[in-house]
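Novice:
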Amino acid sequence: MKRWNMADEKKILVSLDRIEEGIAVLVTPGGHMWLLPAEYLPEDSGEGDVLDVILRRNPGETEKLARRVHDLQQRLLDRTRERNENKGQ
590 MKRWNMADEK KILVSLDRIE EGIAVLVTPG GHMWLLPAEY LPEDSGEGDV LDVILRRNPG
650 ETEKLARRVH DLQQRLLDRT RERNENKGQ
């Protein structure tokens, strides 16, 4: 199993510009605005706070999602084949 290290993640500082109608507006150092539900913020976060955003790949969840998508595609393909076979009868 692969061991975790800091190279596996990215940390970005953002500032909480404002919260409007339940949507938090975060601003990156480059001036990009990110919008996300305010409920995702740490408790007691307020305008002007600087927050750490950590982005980390999650291989286990990626694999689960890939399996679910594959299974759904297979079900759709099977359903399409069945319909095509029934049309020929």
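Heads up, the sequence shown is in the working numbering, so the first residue is 590 and it goes up one at a time. Idealized CB from N, CA, C, for every residue including glycine.
Kindly indicate which residue of P648, L665, V658 has the alpha-carbon position closest to the one of E598.
Specialist: P648
Novice: Output the distance between the C-alpha atoms of L640 and D660, rounded to the nearest integer angstrom.
Specialist: 38 Å
Novice: So, at 8 Å on beta carbons, what are the nonlocal neighbours of G611 in its own chain, with the 5 sequence-adjacent residues on each side left out?
Specialist: P626, A627, E628
Novice: Using beta-carbon positions only, say whether L630 and I608 come within less than 9 Å of one another.
Specialist: At a Cβ-Cβ threshold of 9 Å, L630 and I608 count as neighbours.
Novice: Which residue comes first and which comes last in the alpha helix (DSSP H) that contains P648?
Specialist: Run containing P648: 648-676, per the alpha helix (DSSP H) assignment.
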